[in-house]
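According to the numbering used here, the residues represented by the sequence shown are 22 to 772, in order. Glycine included, C-beta positions come from ideal geometry on N, C-alpha and C. Small disclaimer: the values here were computed from a predicted structure and weren't measured. The next block holds one structure in the form of structure tokens; read it before the comments.
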Amino acid sequence: MARRIRTGISISVATFLGAAMVTTAAVAAPSGSELVPTAGKQRPKICLVLSGGGARGAAHVGVIKVLEEYRVPIDCIAGTSMGALVGGAYASGMSVADMEKINAGITVEKLFKERPPRQELAMRRKADDFRNYVGPEFGTGGGTAALGKGIVTGVQLETVLRELSRLHGHHRFDDLPIPYRAVATNLVTGKAVVFSEGELANVMRASMSVPGAVAPAEYAGMILVDGMLTSNLPVDAARAMGADIVIAVNVGTPLLKREELNSVFGVAGQMLSILTEQNVQASLASLKPTDILISPELGDYSTGDFDNLPKISPLGEAAARKVADRLAQLSLPPAEYAALRERQQVAVTPDTKPVDEIRFSSMAHVNPEAAKAVMDTKVGEPLVQAQLDGDMRRLFGTGDFEHVNYRIIDEPGKRVLAVDAVEKAWGPDYLRLGIGLSSDFSGAVSFDAIATHRMTWLNSLGAELRTDVRLGFDNSLRMEFYQPFNARGTYFISPRAAIAQDQVNLYRGEERVAVYRVESRIAGLDLGVQFSRYGELRAGVEGGTVIPRLDTGSTFLGPSGTHHAQGGIRTRLRLDRLDNVHFPRDGWAVDADLYNSMTGLGAVDAFGKWHANATGAYTFSEGDDTARFNLFGGGKVGSNRLPAYDQFQWGGFLRQSGYRTGQLVGPSVQFGQVVYFHRIARSGLFDGAYGGISLEAGKYGDPLVPGNPSGWLKSMAVFVSTDSPIGPVYFGYGRAADGQGSFYFLLGRPM
């Protein structure tokens with residue numbers, strides 16, 4: 022598949038790979054008078070050859086549209102990469118109109134953003150979104166760090182391929198409505214693999230596994246990557262099918278220019294381009310005078326421009342019309358062509374017949390019963406294609422597999438849904454790294470580095486040991502052991518422990534009057550229940566100690582170094598149906614916490630404390646405008662006052678904007694916010710860029726620091742934000758009704 026580097030926020034798989042593949046100069050077309058068959062002789066066998074080219078391959082659809090207009094019979098098709106996709110769809114009976122409809126709905130996100138809709142994830146995976154991880158996940162099994170085989174695994178891509186493939190199950194490709202061949206490359210031998218049979222969607226997937234970008238496909242014992250490396254314009258495959266005349270369509274991308282070779286990615290991409298150019302040139306040299314070459318002029322459209330497929334397709338039409346005189350000589354009479362196309366098109370009847378068994382391939386760590394619990398497809402119920410595709414995405418979203426796919430197998434007396442779930446070769450232990458940064462441009466800067474290590478599937482029920490480390494402005498080490506009671510994970514027990522040292526800045530107005538280091542050591546034991554993909558309820562006991570140590574300034578949290586023993590019962594409810602944590606456009610979430618500090622459990626202070634947060638988002642019909650609503654409340658339960666070290670700290674960007682971060686400290690808080698944001702730029706694999714405004718109102722109890730505002734406070738903020746490879750970035754300005762204001766910069770989640 023051809024590749025070109027593109028810059029800017031909007032990036033594609035081509036940007037990740039940095040690959041650039043090649044095109045070739047157009048070959049002059051002969052007059053072609055010899056193409057007209059002599060009366061009484063059989064007409065020549067015409068084969069369509071479609072090259073790789075990524076998104077540029079949408080031009081193939083435009084070419085086919087013109088071939089149909091001129092009633093040119095297509096007797097066989099050979100394709101590589103994107104050419105294999107378009108060719109396979111057409112060969113299996115799909116019409117041009119259907120292909121254009123699918124093209125209109127394809128985006129970079131639909132092809133390559135593999136994570137299932139966030140609402141469909143288990144709660145433990147949703148919780149990861151609240152941390153600003155950067156870069157890939159590392160496997161630490163065996164004591165070494167390892168990475169996956171590609172930026173994307175192809176799970177989401179395969180959903181689209183199943184939509185493009187009209188025929189399911191294993192087929193001889195000579196038996197398709199139009200005989201067909203697809204080309205991939207054997208990564209072990211370096212040789213071309215020409216498929217003449219197989220599961221059509223899987224063969225398409227193998228043919229377009231761009232090295233480094235899409236993980237290799239494993240098929241019939243082979244490790245396969247994109248056919249561009251060995252035969253990007255597979256003329257020889259067409260000849261082997263008996264083609265008398267080849268119509269070759271080349272949609273490759275030109276080599277990068279000298280000034281574009283300014284990075285290691287550019288150089289690596291150019292090397293792939295040179296290798297591919299050699300096999301393309303060899304294919305072009307094999308064309309005969311009777312063959313037809315079509316080279317669409319695709320300008321600056323790159324291989325990763327999957328958001329622009331409807332714009333690329335007409336360029337293929339324009340290129341085909343340039344050789345209209347040649348095509349006209351191959352034209353069939355209307356009635357004969359109509360009869361041919363009727364035989365070549367296939368009406369698809371959805372396969373809804375239930376299965377008698379769901380069978381997983383052998384797995385070393387994951388319990389098949391736990392994997393089945395993730396699926397909505399059930400034995401004995403009608404099969405629904407969209408549901409099956411969703412099941413594959415959810416299985417992948419568990420984080421346990423590097424690839425998932427399925428097959429329907431008819432065995433004597435029963436029908437089997439065989440799920441090929443390949444466990445991560447770099448698992449089952451994983452490491453993620455991340456960062457966080459915030460500044461209010463007045464000297465208050467915080468920077469944190471984070472790391473999370475997970476040891477998964479410690480037993481057959483899915484036990485997990487998680488360790489979270491934070492270093493920087495705040496320092497912490499937290500560990501949790503999670504043990505489900507059954508394979509579905511409905512009920513669980515979870516012992517946990519944490520040590521932390523948090524910096525607490527106290528302000529009077531805009532003046533910082535104290536800096537504390539609050540040390541804490543807490544251990545607890547929870548019992549809980551999971552509400553499928555909706556949420557979690559847990560309750561348990563915890564105990565430990567909190568030690569506020571004064572660095573500078575006045576004493577507000579009691580005598581410095583005092584040990585405050587802790588002991589109590591904590592109950593927490595989390596419900597989460599947001600589609601995105603950073604830029605939610607739909608859904609809702611609730612987080613409620615109730616803590617009862619009890620002297621009978623060792624606490625020095627007896628008190629009750631509650632807090633709850635609710636968030637909802639709604640996107641208007643146009644799709645680029647979203648309103649988000651946030652409510653937060655907290656206070657004491659009972660008559661006992663909250664101790665100074667356990668009061669609420671509020672204020673800062675989107676938390677009563679305009680005030681200093683953490684300026685508002687008191688025993689109670691009520692806060693409401695309406696945020697409106699407009700998407701000002703779109704991106705492929707990321708959420709894009711936004712501009713927004715926040716209107717906020719909050720009521721605060723007696724301030725811990727005398728002189729700070731209390732009662733009802735009003736504020737607002739304006740901001741621009743973007744999703745980036747290192748996380749969400751915000752730049753904003755907030756202003757309070759009493760005149761306080763501040764600029765803010767954040768890398769990571771603001772709330």
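Whole-Å CB distance - residue i paired with residue j, under 8 Å assumed
i      : j      : result
Gly337 : Val93  : Their Cβ separation, rounded to whole angstroms, is 14 Å, which puts Gly337 and Val93 out of contact at 8 Å.
Val209 : Ile127 : Wrong, their Cβ atoms sit about 32 Å apart, outside the cutoff.
Ala80  : Leu319 : 6 Å
Pro498 : Ile520 : The sequence shown places Leu at residue 498, rather than the Pro named in the question. At roughly 5 Å, the Cβ-Cβ gap stays under 8 Å, so Leu498 and Ile520 are in contact.
Val214 : Asn207 : 5 Å
Residue burial classification, residue i (beta-carbon count within 10 angstroms, cutoff 16)
i      : result
Glu220 : buried
Asn777 : In the structure as shown, the chain starts at 22 and stops at 772, and residue 777 therefore has no counterpart that could be examined.
Thr647 : buried
Val438 : A quick correction: the sequence has Leu, not Val, at residue 438. Leu438 should be labelled buried.
Ser102 : buried
Val425 : buried
Val466 : exposed
Tyr765 : buried
Pro771 : buried
Asn271 : buried
Phe513 : buried
Glu179 : buried
Ala391 : buried
CB contact flag (residue i, residue j, <9 Å)
i      : j      : result
Leu652 : Phe692 : yes
Gly655 : Ser689 : yes
Ser72  : Ala269 : yes
Pro664 : Phe641 : no
Arg12  : Ala99  : The first residue shown for the chain is 22 and the last is 772, placing residue 12 beyond what the model contains.
Val750 : Gly712 : no
Glu141 : Gly418 : yes
Ser553 : Gln587 : no
Tyr616 : Leu578 : no
Arg77  : Asp328 : no
Ser763 : Gly755 : yes
Phe669 : Val686 : yes
Gln524 : Ser541 : no
Val231 : Met249 : yes
From the options, residue whose alpha carbon lies closest to that of residue i
i      : options                        : result
Gly719 : Ala738, His585, Ala356, Gln694 : Gln694
Thr324 : Ser460, Gly74, Ala710          : Gly74
Asp607 : Ala264, Arg139, Gly748         : Arg139
Gly709 : Glu130, Gly78, Ile95           : Glu130
Asn153 : His189, Asp469, Ser715, Ala757 : Asp469
Ala227 : Ala205, Arg529, Lys212, Phe194 : Ala205
Pro371 : Phe194, Val84, Arg187, Tyr765  : Arg187
Leu106 : Asp96, Met120, Ile95           : Met120
Gly679 : Gly644, Gly760, Arg649, Ala635 : Gly760
Asp247 : Gly190, Asn223, Ala442, Ile747 : Asn223
Ser252 : Leu571, Gly273, Glu239         : Gly273
Lys399 : Asp412, Leu578, Gly683         : Asp412
Asp495 : Arg681, His191, Gly728, Asn526 : Asn526
Trp600 : Trp609, Gln299, Gly728         : Contrary to the premise, residue 600 reads as Asp rather than Trp in this sequence. Ranking Trp609, Gln299, Gly728 by Cα distance to Asp600 puts Trp609 first.
Asp450 : Leu416, Gly464, Glu531, Phe422 : Phe422
Pro727 : Asp572, Arg676, Val534         : Val534
Ile266 : Gly687, Gly162, Leu69          : Leu69
Pro403 : Met619, Arg595, Asp377         : Asp377
Gly510 : Val176, Asp597, Lys393, Leu330 : Lys393
Leu767 : Arg756, Asp744, Tyr503         : Asp744
Arg2   : Val176, Asp312, Ala306         : The shown model of the chain, from 22 to 772, leaves out residue 2, and the question about it has no answer.
Lys212 : Gly109, Met225, Arg362, Met243 : Met243
Gly673 : Trp478, His189, Met619, Gly530 : Gly530
Gln366 : Gly263, Pro569, Ile199, Leu250 : Ile199
Arg595 : Asp612, His584, Ser581         : Asp612
Ser383 : Glu444, Thr583, Trp478         : Glu444
Thr477 : Lys332, Thr161, Lys122         : Thr161
Asp397 : Glu390, Leu409, Gln684, Pro237 : Leu409
Gln551 : Val395, Gly644, Gly493         : Val395
Heavy atom of the ligand GTP within 8 Å of residue i beta-carbon
i      : result
Asp321 : Among the components of this structure there are no ligands whatsoever, and the ligand GTP is therefore not found.
Given 8 Å as the limit, is there contact between the region 428-436 and the region 448-457, that is, 3 or more CB pairs closer than that?
No, the region 428-436 is not in contact with the region 448-457.
Taking 8 Å as the threshold, find out whether the region 344-353 comes into contact with the region 84-92 through three or more Cβ pairs.
Note that the region 344-353 touches the region 84-92; at least 3 beta-carbon pairs, one per stretch, sit closer than 8 Å.
Stretch-stretch touch, CB-based, cutoff 8 Å, three pairs: the region 142-156 with the region 370-390:
No, the region 142-156 does not touch the region 370-390.
Whether or not the region 557-564 and the region 108-118 are in contact is what I'm after, with contact meaning three or more pairs of Cβ atoms, one per stretch, closer than 8 Å; do they touch?
Proximity of the region 108-118 to the region 557-564 falls short of the contact definition, fewer than three beta-carbon pairs being nearer than 8 Å.
Under 8 Å: do the region 544-562 and the region 583-603 share three or more Cβ pairs, one atom per stretch?
Short answer: they touch.
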